[in-house]
Structures are given as structure tokens and as C-alpha cells.
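The sequence shown runs 1 to 810 under the UniProt record's numbering.
Glycine included, each C-beta is placed from N, C-alpha and C at the ideal position.
Just below is one structure, and these are the notes that go with it.
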Amino acid sequence: MRMCRKENLSAMDFLLGNGADGRDSQSPGDYNVVHVASRIPSPALATWISENKEKLDLDKVDAEERTPLICAVMANNHIMCETLIRSGVNCDVTTSEGHTALSTCLLMSDAPNRRIAELLMLNGAGVNFAICDSKTPFFNEIVSRKDVASVEALLAANVDCHVADGRGQTACHVAAEAGAPEILSKIVEARRGLKWPRDADDRTALDIAVEKRDLKSARICIKGGADVNARDANGQTLLVKAILANDDEMGVFLIEHDAKAKNDERISSKTYVEAACERGLLNTVRSFISNGCKLNSRCSTGYSLLHSALSHQKLDVASLLVNFGCDVESRVALGAGGEVLDDGDESWITKQTLLHRLIDDGDQQSAVFLIESGADVNARKEYRNPTDDDQFTPAHMAVSWAQNDVLRALRDHSANLCDVDSDGRTPAHIGVREQNVDGVKILLDAENVEFIPIRDKFGQTILSQAMAMKDHQIASLIVARQPHAAVQTNGNGENLLHQAIRQNDIESVLFLLAVAKADPCRPITDGSLKTPLHLAAIAKDEMILRNLILVNDDVNVTSADGTTPLLEALKARNDKHAAILMENGAEPNVKDEYGENAMLCAVRSGSLDCIRAVADSSRTNRYARNKIGYTSLHICALLTIDKLPKRTSSSDVIELVLIYAEEEAQAQNEKQFAGFIDARDADGNTALMIAYSQGNAGVCRSLLKRRACMGQRNNGDVNVFTYETATKQLLLGLLESLEAEPRWSDGDTCDCGARFSLTSRKHHCRHCGRHVCSKCSETTMPIAKYGEEKRVRVCDVCAHVISTGTAPRR
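This is the structure:
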């Protein structure tokens, strides 16, 4: 071995010729002379080895499991490699790790010697073996190192590309994993009918390339026959995985390379294109459409694909769908539980569009997009049962849910804001009802505000509704947009000021006067011509009246029947308001159509406070008569219990009237007072006669205390004595209650029918004062209660009353 190292061929021949064992090995390395020679690049030594090969052990394995050939390869000794190969060494002797001379040449040397490797393969060196404890195919390892030249050489040597490693990966898997498209291409080109098995992770080489987004490698795999529609153990294709991974670029790539999306295949119950829409895979969706996807087929929600995009706020995808003609209406039928039914299902309850659905879901952004994309902005839901139909338009829905962005979009895209629901309400009515101030502003900013005067089924305009709700902020907006809205009248001819006064709403009154500039003098147009002041006169809140008086020039304005606000207050027994009007210059002597002034109206009301309110004024004519000749006393006579306030009697009323009359009589003369007591109306009736006919005993007594004439006949020739009644108890009681002789009556005939003449003289009963004939007044007697001690003439009725306390029988 020493001679070999010194390349002393003569010595080597001598030793070999004199009995030296050429097969002997050196301890401790267990190598022989061929191992030593394999490291020496000497042509002469190589020739010596070739010539003496029979005497040498060319395949000896040293302690490091190396044959001389492997040592020559490691030494990059081409001369010795060629000599050993031609000498017939075994090229496929392996180490414990499975390495051969070829694998050592290509894997374990610093720089692979292509020439040696080629020499080995040309001389039959095996290429289909495994290294690393037989787990890794030699070819896979070469591929993993991206050694293109070695790959080409091995392919030329007919290496098996389908051998898998411990992970089930073939050379193609390894190439894809290593990102080596050039090597993958070499393999595909060199092998027709290449198989594409799955590794231990259930992946083909194409799967790996797609996962790594290595499109170049993926194209090569597909070109080499890899199935782009192959499914993994979970039944998922690469396209499904790309969609689930939100990989838009890869989705497009796969579709362009014939990845199929069958209509009956689903991703979590959704079609491939629906899943792509939800994930915003714009280019993937475009590829689906370009490859014949049905745009208007239903998605999992029952609507068109637009719903899947919009419900996930993928507006760019939605725009793409619209541009390609996707149905923006997407009208569907709903069942009793709100579920979307199949076309033709007759069990439907409601039909609605996608816009309705988005508004119901509160998805304003998507609803606005749909409106801007041309959806029907006036579409109504359709109900099988008409009684369930609220007839809401999208505008009604939007304003009721305060979806003001949607409402603005509807307005800007010419939605009919005058459409009404089942209650006749416009969207503005709904906005006012829901107190959606911003929504009402949006509606009022529309060019066409013809909805402002529209009344709902309850007679309310949006302004009147706002006033009824005391929402003065919204009311101000309406008035600012359309100032004359405040003067619009309802079916009764009343404007908002009239209505506010009737409702005793001081806040609304002040608002209308101050903000809406409502005309405080405008009358109701129902024919009554009552002004706000008339209405205020009967309102409960006196502040309404006071404020209207401040803005009115004439507190004596009259309605169609001649009634002034003062008379209106009196008729309503509103004494405080009457007093306020009197304080502010109301004229108490203006008469209504019946000829009654404030005094007469006050008395007719039966309110003592009302009477005081007007009678206390020196301007009031307390003796006034109406058109049929009634004085306040006649009216008192007609006041029965049903016409009087609680805890007030007709006696109380007439006594108060008479007190004021007596005060005036003391200041003037007694004759005028007597004329007032016995005043006759157009039918000739005195107040006493009317009170008696009404059975109003209290009034009768009050009048008789003032010596009212009892015997005076009316135009029908009837007086209290001849008036037909069921009993004479009232007359009896009145006669018994007389405290002073009544004033005498006058006439041409007696109550018995006898006419007065020269032979039939007229007499007067000194007890009741009526005129009677001698036959009817035969009795004479003193009248103690009058202080009359002499016997005087009395009528038959009074004679019996005085003597017996009962009326005579007839």
C-alpha cells in the first residue's frame, strides 16, 4: 500500500509476483490497495489496476462502507472510476444509508461530476433506489435539490417518477414543494401518461402548486394531465379550496383551466359563485360569468346573487353583477314563516323584492346601492290577504325605521313621496308619527312637496299631525318649507289655529301665532264664520284668549249668526272669559241673529257668574229685548232644571236679574221697573205667564214679590187664571203667597166671558188685581195680609183662597 501511494509500480509488481496478497486489507480502516489507488488520479496506476484486477478485490467495502468505486467518485477521480467500471466492479453496492456510487457522485461531493455520473449510468448503474434508510427515492432527493442537469440525466436513464417517499410524495410532489417549475416541466415532458397520486397529506403535485400559489408549476401540472377537478378525501376540489381561502387570483386561474362549478355542487349549501360573491372574489365571479354562470339563478337565501354580495357588503361584486344584467328586483314569494318559496308555490303569503328585504334587514348601504342601480323605488309588497296589506312603499318603510340614507336615495331617485298606505298616510306622515326629524327634513328637501297638504283617513295633514303630537320642531320645518300649510283647512273648514284652540293647546296656539304667522282673524269656512277669537272664548285656557286678544284689532267681530266672542263665551257659561272680553272692550249690547245681547245670553246660560260679568258693567242694557220681545225675565221664566248649571235654580237667576234691575230703577224711576216686570213678548205673554205655563213656581213668586200683574191676558186671551193645567195647585200656592196686591190688569171682557159695558161695570179683585165683572166678584172681605181691614171686592177664586186656602170647584 505504501508502494501504491508512491506510485511505485515496479515494486508493486515485485510484491504481487512474490506472493503478496493483493486482496489483503489494512487495519484498522479495513481498506485495500484498490481503495488507496482509487484516490490517486494516475493513468499508470489505473492501468496497473486494470491489468491485475484478477488478483485484487475491486468491490471490497472498507470500514466506512465505501467501495473503491465510491472512493474514486468521492475523490472525483474520473480515470480510476472509468478503470474500475470497465474492470466490471459492481456499481450498485450501497452503504447502510442506501448510497451508491451514483448517489455519492450527485449528492455527496461538493461539485457533482456529470462525467462520472454519466459514465455510471451508461454502464448500468441503478437509478431507482432509495437513500436515507430506504425512505427517500434517489430521484426525489435530486429533484429537491433543483439539480436540473441531474434530473435530465436520470430521466434519460429511465428513472421511475412515480416512486413515493415516506410521505407518499413522488418527484412531482417534491418539485412542486420546492417551487421548481423547470424540473417539473422536464418531468412532464419526459413522461407521457404521468400519474398524479396524492401524498400522505391528501395532496397532488397540483394541489401543492396551488397552495403555494405557484401558477407556473400549476400550469405545468395541468398540462401534464393533473385533474383540476380532482377531489380530496373531504370531497373538495381545488376551486372550492381557493374560494374558501379567499384566493381570487387562484380562483380565476382554476376556472380558466377548466375547473368546473356544477349547479348541484355546494359549498356549505351555497353554489360556488354565491360563495365567491360573499367573499368578494371579484375576478373569480367575473370568470364564472364569462364561463356561462346563470346570473339570475337563486342563491341560498332565495334571492338573486345580488343578495349574497350585498348582504356581505361586497359592493364591487354587486356592481359587477348589475353590469352583467343581474336582476335588481328579485321578487320572491314568502311563506307564513317568512321563508322563501319555490316558484309556482301557491302557499305564499307575501311577495316582496330584494329592496324590501334589505330595508327589513336594516342594511342601508346595500339598499342605497340597489336604489342607485335602478331598483323599483315605488314597489309595494303583495299580500294574498288584502286585509294584511299596509300598502307601504320603500319610502314608508325607510322613514318608519329611521333609515334616512335609504330615504335620501329614494328621494333622489324620484320615488313617489305622495304615495299613501292603507291609512292614507304618506311617508311624511309616518316620519312625523315616528318623530323622525331627520327623515322629515329629507322629505321636505324634495323638489316636489305635494304631499304636505295630503290628508290621511283620519283627516290629518303632516302639519296637523305634528301639531297634535306637539312636535313643534317638525312643525317648524313644514311651515318653513310651505308657509301656507298652516292655513289649510280640514273637512270642517278649520285651519290648524282653529283646531289648536278647540283642543285647548296653548303651546300650539303660540307656535302658530309666533312661528307659522297664522292669521288670528281668519274665520272657519264652514258657514259659521267663527274666528279664532270665538273659539278662544269657549276654550278652557284663558291664556289662549288673552293672547288672541293681543293680536286682534276687533274683539267684537261677529260670526255668521251675529255672535260676538263675548256672546260665545256667555252661551258656553264661560264667565272668566266673558269678564276678560269685557275688560278688553267687548261691546255687551251687540245682538246676535235672535236679537239677544250679552245680558240676554248670560241669563239664558243660567250662569250667575256670567250674569254678573256683563251686568256689572254700566255699558250693558239690562232691559234689552230679543226679536220676539223677550226680556231677561222671559228667559228666566223658561229656565227649567235641565237648562241650568248644577246647584243653580231659576229662582237664583231671576233674583240676581231683578237685583240689578232694582238697582237701576232706584237710580231712574219705578215706572220703568214696573214696565220691565210686566213686559209682554210678541205673543203678549208676560214673564209671569210664561213661568206659570212652565210650572216655574220660583220665578212666579219672585215676580209676584215685585207686584207682577196676574190677570194680564196674552194675544190668545189667556192668563194664569184661564191657562189649562192638570191641577190648580200652583195657582193656589201663588195666590196664598201674595204679600202685596199685584198691579191691576186691564181688558174689555171678564174671564167668564162677559163683556164690560155701561150696564156691566168693570171691577178689580183687590187680592189678585185681575179685572172681573160684578158676578165674578160678588164677595167682599177684608184682606188682613195686605193690612186691609175694610171689606173689599175680591174674585171668587181669591175669596175661597183667603177663606179656605183652596181653589173653588168649577
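Inset, instruction - Note down the Cα distance separating Asp62 from Thr47, rounded to an integer number of angstroms. - result: Taking the Cα positions, Asp62 is about 22 Å away from Thr47.
Inset, instruction - Identify whether Pro137 lies in helix, strand or coil by the three-state DSSP scheme. - result: If DSSP states are grouped into helix, strand and coil, Pro137 belongs with the strands.
Inset, instruction - Drop a sphere of 10 angstroms on the beta-carbon of Arg384, count the other beta-carbons inside from all chains shown, and report buried for 16 or more, exposed for fewer. - result: Answer is exposed; the Cβ neighbour count stays below 16.
Legend entry - Proximal residues to Ala276 (C-beta, below 7 Å), its chain only, five neighbours per side dropped: Same-chain partners within the cutoff: Ile243, Gly251, Thr284, Val285 and Phe288.
Inset, instruction - Would you identify the three-state DSSP class for Tyr692, choosing helix, strand or coil? - result: Residue state, collapsed to three classes: helix.
Legend entry - Close-in-space but distant-in-sequence residues of the same chain around Ala486 (CB under 8 Å, 5 per side omitted): So the list reads Leu463, Val479, Asn495, Leu496, Leu497, Leu512, Ala516, Lys517 and Ala518, once near-sequence residues are dropped.
Legend entry - Reduced DSSP secondary structure (H/G/I, E/B, other) of Val797: Val797: helix per DSSP, three-state reduction.
Legend entry - Inter-residue spacing [alpha-carbon to alpha-carbon] between Ala807 and Glu788: Legend: pLDDT at Ala807 = 49, less than 50; position of this residue unreliable, value from coordinates given subsequently. Inter-residue distance for Ala807 and Glu788 is about 21 Å (C-alpha atoms, whole angstroms).
Legend entry - Proximal residues to Lys627 (C-beta, below 7 Å), its chain only, five neighbours per side dropped: For Lys627, the CB contacts under 7 Å within the same chain, skipping 5 residues up- and downstream, are Tyr594 and Gly595 in chain order.
Legend entry - Collapsed DSSP secondary structure at Met108 in the structure displayed: Judged by DSSP in its simplified three-state form, Met108 adopts helix.
Inset, instruction - Measure the C-alpha to C-alpha separation of Arg761 and Ala754 and round it to an integer number of angstroms. - result: In this model, Arg761 and Ala754 are separated by some 10 Å (Cα to Cα).
Legend entry - Simplified DSSP state of Arg810, which is helix, strand or coil: Low local confidence applies: a pLDDT of 44 at Arg810 is under 50, so the model's placement there is unreliable, with the coordinate-based value given in what follows. Coil at Arg810, not helix or strand.
Legend entry - Own chain, CB closer than 7 Å to Arg23, minus 5 neighbours either side, in chain order: Only Asn32, Leu56 and Asp57 meet the Cβ criterion.
Legend entry - CB contact flag (Ser555, Asn584, <8 Å): One detail in the question is off: residue 555 reads as Val in this sequence, not Ser. Result yes, Cβ atoms of Val555 and Asn584 sit closer than 8 Å.
Inset, instruction - Determine, using beta carbons only, whether Leu730 and Met710 come nearer to each other than 8 Å. - result: Cβ distance not < 8 Å, so Leu730 and Met710 don't count as in contact.
Inset, instruction - Only counting runs of 4 or more residues, tell me where the alpha helix (DSSP H) segments fall wholly within the UniProt repeat "ANK" (301 to 333), in order along the chain. - result: The UniProt repeat "ANK" (301 to 333) contains these whole alpha helix (DSSP H) runs: 305 to 310 and 315 to 323.
Inset, instruction - Give the straight-line distance between the Cα atoms of Asn436 and Ile442, rounded to the nearest whole angstrom. - result: In this model, Asn436 and Ile442 are separated by some 10 Å (Cα to Cα).
Inset, instruction - Could you please give me the residues that DSSP links to Ile783 through a beta bridge? - result: In the DSSP secondary-structure assignment, Ile783 is bridged to Glu788.
Inset, instruction - Give the DSSP-derived three-state secondary structure of Glu382 in the structure shown. - result: DSSP, reduced to helix, strand and coil, places Glu382 within a strand of the structure shown.
Legend entry - Neighbour-count burial assignment, Leu206, 16 or more Cβ in a 10 Å radius: Answer is buried; the Cβ neighbour count reaches 16.
Inset, instruction - Output the residue ranges of the beta strand (DSSP E) runs that lie fully inside the stretch 716 to 781 and measure 3 residues or longer, sorted by chain position. - result: Taking 3 residues as the shortest admissible run, the stretch 716 to 781 contains no complete beta strand (DSSP E) segment at all.
Inset, instruction - Report the three-state DSSP secondary structure of Lys643 (helix, strand or coil). - result: It is helical.
Inset, instruction - With a threshold of 16 other CB atoms inside 10 Å of the CB of Thr353, please say whether the residue is buried or exposed. - result: With 16 or more other Cβ atoms within 10 Å, it is buried.
Legend entry - Residue burial classification, Lys530 (beta-carbon count within 10 angstroms, cutoff 16): Buried.
Legend entry - Cα-Cα separation, Glu152 to Asn158: Roughly 10 Å separates the two Cα atoms.
Inset, instruction - Going by CA-CA distance only, name the one from Ser528, Pro532, Gly527 and Cys418 that's closest to Cys521. - result: When the alpha-carbon of Cys521 is set against those of Ser528, Pro532, Gly527 and Cys418, the nearest one is in Pro532.
Legend entry - Nonlocal neighbours in the same chain, by C-beta distance under 7 Å from Ile501, ignoring five residues either side: These residues qualify, in order along the chain: Val509, Pro532, Leu535, Ala536, Ala539 and Ile544.
Inset, instruction - Give the single residue among Pro112, Asn504 and Asp456 whose Cα lies nearest to the Cα of Gly491. - result: Gly491 has its Cα closest to that of Asp456, out of Pro112, Asn504 and Asp456.
Legend entry - Val174 - DSSP class collapsed to helix/strand/coil: DSSP places Val174 in the helix class (H, G or I) of the three-state scheme.
Legend entry - 8 Å Cβ cutoff met for Asn123 and Val163: Cβ atoms of Asn123 and Val163: not closer than 8 Å.
Inset, instruction - Mind listing, in chain order, the continuous beta strand (DSSP E) runs of no fewer than 3 residues lying wholly within the stretch 596 to 671? - result: DSSP assignment within the stretch 596 to 671 yields no whole beta strand (DSSP E) run of 3 residues or more.
Inset, instruction - Please list the segments of the alpha helix (DSSP H) lying wholly inside the stretch 49 to 101, counting only runs of 4 or more residues, in order along the chain. - result: Entirely contained in the stretch 49 to 101, the alpha helix (DSSP H) runs reaching 4 residues are, in chain order, 68 to 74 and 78 to 86.
Inset, instruction - With Thr350 as the anchor, note down where its beta strand (DSSP E) starts and where it stops. - result: Thr350 to Gln352 is the extent of the beta strand (DSSP E) around Thr350.
Inset, instruction - State yes or no: is the C-beta of Gly168 within less than 8 Å of the C-beta of Ala130? - result: In this structure, Gly168 keeps its C-beta atom at 8 Å or more from the C-beta atom of Ala130.
Inset, instruction - Taking the CB atoms as reference points, tell me whether Gly179 and Asp214 lie closer together than 8 Å. - result: Result yes, Cβ atoms of Gly179 and Asp214 sit closer than 8 Å.
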